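Worksheet: one structure, shown below.
There are 2 protein chains.
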Amino acid sequence: MNKFITLASVLVAALAMPAQAQFAKPEDAVKYRKASFTVLGSHFGRLAAMANGRAPYDAKAASENADVIATVAKLPWAAFGEGTDKGETRAKHEIWTEAGKFKDAADKSQAELAKVVAAARSGSLDALKAAVGPAGASCKACHDNFRKD
Amino acid sequence: MNKFITLASVLVAALAMPAQAQFAKPEDAVKYRKASFTVLGSHFGRLAAMANGRAPYDAKAASENADVIATVAKLPWAAFGEGTDKGETRAKHEIWTEAGKFKDAADKSQAELAKVVAAARSGSLDALKAAVGPAGASCKACHDNFRKD
Chain P
0 MNKFITLASV
10 LVAALAMPAQ
20 AQFAKPEDAV
30 KYRKASFTVL
40 GSHFGRLAAM
50 ANGRAPYDAK
60 AASENADVIA
70 TVAKLPWAAF
80 GEGTDKGETR
90 AKHEIWTEAG
100 KFKDAADKSQ
110 AELAKVVAAA
120 RSGSLDALKA
130 AVGPAGASCK
140 ACHDNFRKD
Chain L
0 MNKFITLASV
10 LVAALAMPAQ
20 AQFAKPEDAV
30 KYRKASFTVL
40 GSHFGRLAAM
50 ANGRAPYDAK
60 AASENADVIA
70 TVAKLPWAAF
80 GEGTDKGETR
90 AKHEIWTEAG
100 KFKDAADKSQ
110 AELAKVVAAA
120 RSGSLDALKA
130 AVGPAGASCK
140 ACHDNFRKD
């Protein structure tokens, strides 16, 4: 019976908050999402520097940065679960009170980043230049609306 | 002439410190390496939980965690360049004064993590169990020797 209750609790918890269940404590989720945004921002910044001429274009490096972005851009979103609005975070309450809008903004960023990834892998600097601007704007829009200064 | 000097400077800088050049300031490198270790540790922890029976084994999730680890385990090492021994870091000076030993420990961790990645992708819980222990030990060995408490 105890075993059944334990299993049932685990299942209920997993269904109720599949992402949150990956973190032992809310502050772990906060630390994780900030970390994944830091890595994402760093590699996006390297591509933006190539696109803007602040760094020399290097097709191989661009493709490697794309690989990191393709993996890391998926990560932070699962770490905005319940209870993660407190502590060392610049997350605005609107993330939870206007969850639909936040999801749209997050989806938009991911869609634009997917275009950056494809462009960086294509070996075309022109394609990269075309993709970086809209992606950066989508990051900024989400920051402006959902992140405290 | 100016253009030539600029290009030459960029080339010299790139050759002198290829990794460091990715970061505008040493503190950016420190923040980046901590962030990549945080993401790495989180996903390794999820596989370790499956291997140790603290979480149910899920072959698909294991493989997804492996994809993140395969990408992220490569990242932090380039961010231990000159000048990154200061600020908000627990890095011990031995990282730079015993650079050979640090490289060996880092290489060992990456080799063990590569085995974890292969095991997690194989769909075999037994393979995962076999790989997680030595990888965790290699992480710990590096932390014990090169990270302040």
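Protein chains in written order, with numbering that gives the first Met the number 0: chain P, 0 to 148; chain L, 0 to 148. Backbone N, C-alpha and C define an ideal beta-carbon position, used for all residues, glycine too. Small disclaimer: the values here were computed from a predicted structure and weren't measured.
Check	Outcome
Interface residues of chain L facing residue 21 of chain P [CB-CB closer than 8 angstroms]	41 and 45
Through-space distance from residue 91 of chain L to residue 147 of chain L, alpha-carbon basis	6 angstroms
The stretch 123-130 of chain P / the stretch 26-37 of chain L touching (three or more Cβ pairs under 8 angstroms)	no
Residue burial classification, residue 89 of chain L (beta-carbon count within 10 angstroms, cutoff 16)	exposed
Where residue 89 of chain P falls: helix, strand or coil (DSSP)	coil
Beta-carbon separation (whole angstroms), residue 54 of chain P vs residue 120 of chain P, contact threshold 8 angstroms	Incorrect: roughly 18 angstroms between the Cβ atoms, too far for contact.
Short Cβ contact (8 angstroms threshold) for residue 36 of chain L with residue 68 of chain L	no
Rounded C-alpha distance that separates residue 62 of chain P from residue 116 of chain P	8 angstroms
Chain L contacts made by the stretch 72-99 of chain P, where a contact means CB separation under 8 angstroms	74
Residue of P:81, P:48 and P:73 minimising C-alpha distance to residue 24 of chain P	P:81
Residue 120 of chain P, enclosing alpha helix (DSSP H) - first and last residue	98-121
Assigned secondary structure, residue 45 of chain P (DSSP; H/G/I helix, E/B strand, else coil)	helix
DSSP state of residue 53 of chain L mapped onto helix, strand, coil	coil
Backbone secondary structure at residue 131 of chain L - three-state DSSP	helix
Rounded distance between the beta-carbons of residue 109 of chain P and residue 72 of chain P, thought under 8 angstroms	6 angstroms
Interface residues of the stretch 25-39 of chain L facing chain P [CB-CB below 7 angstroms]	30, 31, 34, 35, 37 and 38
Cβ separation of residue 141 of chain P and residue 113 of chain P, assumed to be a contact under 8 angstroms, to the nearest whole Å	At roughly 15 angstroms, the Cβ-Cβ gap does not stay under 8 angstroms, so residue 141 of chain P and residue 113 of chain P are not in contact.
Straight-line Cα distance separating residue 57 of chain L from residue 14 of chain P	Here the model assigns residue 14 of chain P a pLDDT of 39, short of 50, so the residue's position is not dependable, and the following value carries that caveat. Their Cα atoms are separated by approximately 15 angstroms.
Residues that residue 116 of chain P contacts on chain L, provided the C-beta gap is smaller than 8 angstroms	What residue 116 of chain P touches in chain L: nothing, since even the nearest Cβ is about 12 angstroms away.
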